[in-house]
Every structure is written in C-alpha cells, then in structure tokens.
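Chemist: Positions 12 to 533 (our numbering) are the ones given, in order, by the sequence shown.
Here a beta-carbon is modelled for each residue, glycine too, at the ideal position from N, C-alpha and C.
Bear in mind the structure is a predicted one, so any value in this text is a computation, not a measurement.
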Amino acid sequence: MSTAVHLDEITKRFPGVVANDDVDLTVERGTVHALLGENGAGKTTLMNILYGLYEPTEGTVYVDGEPRDFNSPADAIEAGVGMIHQHFMLVDPMTVAENIVLGNEPRKWFGTTVDRERARQEVIDLSQRYGFDVNPDDTIEDVSVGVQQRVEILKALYRGAEILILDEPTAVLTPQEVEELFEVFEELTAQGKTIIFISHKLGEAMHAADDITVLRDGKNVGTVKADETSNEELAELMVGREVLLEPKSAPREPGEQVLTVENVHADDNRGIEAVTDVSFDIREGEVFGIAGVDGNGQSQLVESITGLREPTSGKITYKGRDITRASRRSRIDDGMAYIPEDRHERGLVMDFDLVQNGILGSQHSSKFSSGGSIDWSTARGHAERIISEYDVRPPHADADAESFSGGNQQKFIVGREFEREPDFVVATHPTRGVDIGAMEFIHERLLDLRQQGKAVLLISSKLDEVQGLSDRLGVMHDGELMDIVDPRNTTEEEIGLLMAGEHPESAESETDAADASVGDAR
Numbered sequence: 012m013s014t015a016v017h018l019d020e021i022t023k024r025f026p027g028v029v030a031n032d033d034v035d036l037t038v039e040r041g042t043v044h045a046l047l048g049e050n051g052a053g054k055t056t057l058m059n060i061l062y063g064l065y066e067p068t069e070g071t072v073y074v075d076g077e078p079r080d081f082n083s084p085a086d087a088i089e090a091g092v093g094m095i096h097q098h099f100m101l102v103d104p105m106t107v108a109e110n111i112v113l114g115n116e117p118r119k120w121f122g123t124t125v126d127r128e129r130a131r132q133e134v135i136d137l138s139q140r141y142g143f144d145v146n147p148d149d150t151i152e153d154v155s156v157g158v159q160q161r162v163e164i165l166k167a168l169y170r171g172a173e174i175l176i177l178d179e180p181t182a183v184l185t186p187q188e189v190e191e192l193f194e195v196f197e198e199l200t201a202q203g204k205t206i207i208f209i210s211h212k213l214g215e216a217m218h219a220a221d222d223i224t225v226l227r228d229g230k231n232v233g234t235v236k237a238d239e240t241s242n243e244e245l246a247e248l249m250v251g252r253e254v255l256l257e258p259k260s261a262p263r264e265p266g267e268q269v270l271t272v273e274n275v276h277a278d279d280n281r282g283i284e285a286v287t288d289v290s291f292d293i294r295e296g297e298v299f300g301i302a303g304v305d306g307n308g309q310s311q312l313v314e315s316i317t318g319l320r321e322p323t324s325g326k327i328t329y330k331g332r333d334i335t336r337a338s339r340r341s342r343i344d345d346g347m348a349y350i351p352e353d354r355h356e357r358g359l360v361m362d363f364d365l366v367q368n369g370i371l372g373s374q375h376s377s378k379f380s381s382g383g384s385i386d387w388s389t390a391r392g393h394a395e396r397i398i399s400e401y402d403v404r405p406p407h408a409d410a411d412a413e414s415f416s417g418g419n420q421q422k423f424i425v426g427r428e429f430e431r432e433p434d435f436v437v438a439t440h441p442t443r444g445v446d447i448g449a450m451e452f453i454h455e456r457l458l459d460l461r462q463q464g465k466a467v468l469l470i471s472s473k474l475d476e477v478q479g480l481s482d483r484l485g486v487m488h489d490g491e492l493m494d495i496v497d498p499r500n501t502t503e504e505e506i507g508l509l510m511a512g513e514h515p516e517s518a519e520s521e522t523d524a525a526d527a528s529v530g531d532a533r
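Laid out in structure tokens, this is it:
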C-alpha cells in the first residue's frame, strides 16, 4: 500500500498561539483516516495546510511521495487534494449539476457558451460511477443536507480529487444520513480514493476509519488502527486522563409538573411559522430531552420558553403560573436558568470581563446589588468561584470574554447558570465546543440537578448525549414534535427516522407492503 499523504514535522504558529506543534501524519492510499481531537486541538488548521489555505511555519507536505508547496487551494486541487468544509459552499437557487461544474463548466461554440446538456450528462456519469443518488436537475435549496454533502463531494471529484478531506462531515446529518455517508466512503476507497475526515466523535471514528490519529494541544499524541483500539483509549488520548464516557443516572420517580407547554406555535424572525402545535410537560427530578437536526424549530421553542420570543398562540405554564407573556427577568427571578445555543449572541457580552458577565441576569438581585449599586467585591468572588469550579482557562476574572476560547466561554456560561441554584434549567447544546473532560463534568452536574429534584430541558444535536441523559425524549422535525419516546427503549435508527419526519411504524408498514407486492409479483 502506497502513501497518499505525509506531513513531516508540521508547525503552524499564529500570533501568540502554536496551532500545530511538530506534527507528523501519514495517510495510506485507499484508506479512511480519521483525525480526532477536541475543538482547538489543531485538526482543521493541519488540514487547511494540506489544502493550501495556510502555509506551514515549518515542515513539509508530501503528496504521493512528492514534496509540495501549496500557495492556495488551487495548487492543492491541481495536485488531487479536495476539501469539503463543515459549512457547505453551494449556491442555493442553482441546480445540482450547475453547482458541481461551477467554475469548470464545459463549453461549446468556441468556448463562448456553457454546454448545459454536456454538464448535466457529465454529472450523471460521475454520480453513477460512484453510486451517488443525486438528481442533476434538483435545486440545492430543495434537497436535504445529506444530498448537499454528496454534491460537495462530487464537486471535488469532478475537479479530479484523489484525496478528500471532510471537516466534521456528520455535524448536521441524521443517523441514517451518517450511515449513508459512511457507505459513500466505502465506495470511494474501493475505487482508490483516500479519505481524511476530521471529527471529535469517538464512535464515528471507530466505525468509519481504518486508522485514527489523535491531536491534543496541537500535537500528534498517537495513531492507532481502528480495529485495535477502544472508545476509552481514544478518549484518554484526547484528554490526557481516563474519562467516564457514559453518564449514569440513578432511577428516580419524577415529582410535580414544573413546566407545561400546550399547543404552542411560534414564528421565526422572518414571520414564518417555525414551531407548530407543540405540547409536553417536564416534572421535578426529570431530564426531558429534545432531539433533532438543527433548524427544525428548537431555537424558537426554547426562546418562547425562556422569554426571548412571544409565541403566536398556545400556553406555557411554569410552577403553576401562566408565563406565556411574562418577562425574561421574571423567569430568572423565579428560578429559571438558561444555557443558550449561541454563546456570543445570548450568553455573553463579549467586551465585558468575566466579573461583569458573571452577574448578567442577576445584577438586580440583592445578592449582588444594594441601594441601586452593584457590590463588585461580591461579583468578583462569584466570578472567581465559577472560574475555579468549572476550570475556565486562563483563570483571569478581569479578562474580556472575547479573549477566551469558545470552549472556555461555554464553561463559564454553564457555571454561571448552574450557580443560580435554579429550579429549572434550559440547557441548549450545553457541551458544544468543550473538551471531553468538561463534557463529563457538565453531564454530571445536570444529573446532580435531576437528583436534587430540579427539572431540566436538554436540547442537543448530539444524539448520544440527549439519549444518554434524558428520562423522556421528544423528537422535532420541521417545527413539530413528532413523538415523545423512552430513550432507553428506542433505537438510534427509530429516533433517526423521527428526526427525518417519519414514524418508525409507517416505515415498517411501507417495507411490509413493498415485501408483499414483491411476493405477489413472484
């Protein structure tokens, strides 16, 4: 087996930061190689060097055994390296075929006109060669995220890519779409292509990769065969210590209703309905989870519950009181804490220091204020306790929020909200951007609140997280609550079908009907 990529002693420095520190990486041709590590570990920076977006400060890039000096992505593409970024670069109103050939359109009439029919046929031929199920005439805005990802892969293949880099390729996919993507990997490698995919998900790396390289703090801390390692070993490589991967909650009988959502409808910022007739309740000592692909109404539902958006209709009751139109401040005063999905927009004032950010939402409380003046000594002590308890780095209470990494900003927000001693916590993507060690800690704190009889609403796009922590699990699709299930007695595949807008029973019925019709045909 020949070597497709070898990165030799790659170092990349930015002002004040060493993103990659003397990294060696070897990827064999025709294999799937996972680059695993937490946010900030240097994965994307390393792949941006391979793709020509960055030049290394030190070290050499080899492709097919030849040293390469890529000054731009165009140089990398010419050498057979393609990259599919986490956020797709497609033109929504254009068709699949138009997006794939964009910038490399076949021409006719002496190069003056795009040969649209030839372009369409070339896309059909390319799709069939790799077993991709895409319609060249569909517009991008009308196809699923999974199909959009295939279009991005076909774009790279159309330009002659032999080595494909995918950055967090499963971030916005349903479980079924993830499986389909991994089948695409198998088809591509069977035809000699090489796949490098960036991830922080242990299970996916184990399932899809032949080899796994782990980066931590910009360094390569180990490369292992996927079939010779374990989730526990990979987690320890990523964090540097043993980690409890699966949160364990003790059985607990839920108490009185804390929150009741009845037939709630809510619009998005464009005035288009984003939440349609959603109803559920949450009790004391219960974690109620909501799963779904981002953008299916979860944000507008949470904003309605926390007082950031007024529902168009329906009713929200908290501790027996109608709060449908109550203020945000009154909900905080009544023991409602909120970890927002967008830490910059909703969680922090970026040019405030951590002392100021630590009392946001509580600045009127007697704990921090007297006679209209804030007690900054108490506020400082409060911020320093959060920094210490939640391992916020660097531990500088006077530093502006914008000077911290995303993961440390998230830890500070989580600490602030938990330190309110709430009766009810709305936790939206609470572990987004944090390392495995912090994730373990946050999970334990959520379960501690549950054991104390508090109520928790957990919204997460990480299916393993929301399935592992929840007592009951609602699944949203296109603004509707498809079903409420017992996460311990429901398979990932069944939840995935609900996330895609399909009830498992109806899918089984369709399969049975298809089998029956095949039998009749015979």
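Go ahead and pull the three-state DSSP assignment for arginine 118.
Modeler: Strand.
Chemist: Contact defined as beta carbons within less than 8 angstroms: I believe histidine 454 pairs with leucine 484. What is the distance between those atoms, to the nearest angstrom?
Modeler: That belief does not hold up - the Cβ atoms of histidine 454 and leucine 484 are roughly 16 angstroms apart, past 8 angstroms.
Chemist: Mind checking which residues open and close the beta strand (DSSP E) that includes asparagine 274?
Modeler: 268–278
Chemist: Is the separation between the beta-carbon of threonine 287 and that of glutamate 39 shorter than 7 angstroms?
Modeler: No, they are not a contact pair.
Chemist: Report yes or no: do three or more beta-carbon pairs, one from the stretch 68–85 and one from the stretch 18–27, lie closer than 8 angstroms?
Modeler: With three or more CB-CB distances shorter than 8 angstroms, the stretch 68–85 counts as touching the stretch 18–27.
Chemist: Give me the residue from Ser399, Ile398, Asp434, Val43 with the minimum Cα distance to histidine 218.
Modeler: Val43
Chemist: Classify methionine 12 as helix, strand or coil using the three-state DSSP reduction.
Modeler: DSSP, reduced to helix, strand and coil, places methionine 12 outside both helices and strands of the structure shown, so it counts as coil.
Chemist: Can you say whether serine 520 is buried or exposed, counting buried as having 16 or more other CB atoms within 10 angstroms of its CB?
Modeler: Its pLDDT being 44, under 50, serine 520 is placed unreliably by the model, and the measurement read from it follows with that caveat. Exposed is the call here.
Chemist: Work out the CA separation of leucine 165 and aspartate 526 for me, nearest whole Å.
Modeler: Caution is warranted here: a pLDDT of 49 is assigned to aspartate 526, below 50, making its placement in the model unreliable, and the coordinate value is therefore given only provisionally. Between aspartate 526 and leucine 165, the C-alpha separation is close to 33 angstroms.
Chemist: Taking the beta carbon of isoleucine 206 as the centre, do at least 16 other beta carbons fall within 10 Å, making it buried, or is it exposed?
Modeler: buried
Chemist: Only counting runs of 3 or more residues, tell me where the beta strand (DSSP E) segments fall wholly within the stretch 39–98, in order along the chain.
Modeler: 43–47, 69–74, 77–79, 92–95
Chemist: How would you call isoleucine 174, buried or exposed, if buried means at least 16 neighbouring beta carbons within 10 angstroms?
Modeler: buried
Chemist: So which of Asp353, Gly296, Glu190 has the shortest CA-CA distance to glutamate 314?
Modeler: Asp353
Chemist: Cβ of asparagine 274 within 7 angstroms of Cβ of glycine 325?
Modeler: yes
Chemist: Rounded to whole angstroms, what is the Cα-Cα separation between valine 477 and aspartate 278?
Modeler: 25 angstroms
Chemist: Provide the residue span of the beta strand (DSSP E) that contains lysine 534, from first to last.
Modeler: Past the boundaries of the shown model lies residue 534; the chain is included only from 12 to 533, so the question cannot be answered.
Chemist: When we look at the beta-carbon of asparagine 82 and count the other beta-carbons within 10 Å, is it buried (16 or more) or exposed?
Modeler: exposed
Chemist: Excluding the 5 residues flanking valine 496 on each side, which residues of the same chain have their C-beta closer than 6 angstroms to its C-beta?
Modeler: Cβ contact annotation for valine 496 (same chain, cutoff 6 angstroms, sequence separation greater than five): Leu484, in chain order.
Chemist: Which of the three DSSP states, helix, strand or coil, is assigned to serine 520?
Modeler: Its pLDDT being 44, under 50, serine 520 is placed unreliably by the model, and the measurement read from it follows with that caveat. It is helical.
Chemist: Below 8 angstroms, how does it come out for the stretch 360–369 and the stretch 443–451: are there three or more Cβ pairs, yes or no?
Modeler: Judged by pairs of C-beta atoms under 8 angstroms, the stretch 360–369 does not touch the stretch 443–451, as fewer than three such pairs exist.
Chemist: How far does the alpha helix (DSSP H) with serine 388 in it reach, from first residue to last?
Modeler: Here the alpha helix (DSSP H) through serine 388 covers 387–400.
Chemist: On a CA-only basis, which of Gln421, Leu199, Gly296, Lys204 is nearest glutamate 356? Give me that one, please.
Modeler: Gln421
Chemist: Can you tell which of Val125, Glu89, Phe121, Gln97 has the C-alpha that lies nearest to the C-alpha of glutamate 109?
Modeler: Val125
Chemist: Would you tell me roughly how many angstroms separate the C-alpha atoms of valine 102 and valine 289, rounded to the nearest one?
Modeler: 33 angstroms
Chemist: By alpha-carbon positions, which one of Leu226, Ser399, Asp238 ends up nearest to alanine 246?
Modeler: Leu226
Chemist: What does a CB cutoff of less than 8 angstroms around threonine 234 pick up in its chain, not counting 5 residues either side in sequence?
Modeler: Leu36, Thr37, Asp222, Ile223, Thr224, Val225
Chemist: Is it buried or exposed for valine 28, if we count other Cβ within 10 angstroms and need 16 for buried?
Modeler: exposed
Chemist: Go through its chain and collect everything with a Cβ distance to glycine 53's Cβ below 6 angstroms, but skip five positions before and after it.
Modeler: Ala30, Asn31, Leu226, Gly229
Chemist: With a CB to CB cut of under 6 angstroms and the five nearest residues on each side skipped, what residues in its chain are close to methionine 347?
Modeler: Phe435
Chemist: Starting from the N-terminal side, write out each stretch of the beta strand (DSSP E) that is 3 residues or longer and does not extend beyond the stretch 406–452.
Modeler: List check, beta strand (DSSP E) in window: 435–439.
Chemist: Starting from the C-beta of glycine 412, find all residues in its chain whose C-beta is less than 8 angstroms away, skip the five residues before and the five after it, and write them out in chain order.
Modeler: According to the sequence as given, residue 412 is alanine; it is not glycine. Leu359, Val360, Met361, Asp362, Phe363, Asp364, Leu365, Asn368, Gln420, Phe423, listed in sequence order.
Chemist: Residues in its own chain within less than 7 angstroms of isoleucine 5 by CB, not counting five upstream and five downstream?
Modeler: Since the first residue of the chain shown is 12 and the last is 533, residue 5 is not available in this structure.
Chemist: Taking contact to mean at least 3 C-beta pairs separated by less than 8 angstroms, is the stretch 503–513 in contact with the stretch 180–189?
Modeler: yes
Chemist: From the DSSP secondary-structure annotation, give me the bridge partner or partners of serine 381.
Modeler: Ser384
Chemist: From threonine 56 to tyrosine 329, what distance separates their C-alpha atoms?
Modeler: 46 angstroms
Chemist: Give the secondary structure of phenylalanine 193 by DSSP, where H, G and I count as helix, E and B as strand, and everything else as coil.
Modeler: Phenylalanine 193: helix per DSSP, three-state reduction.
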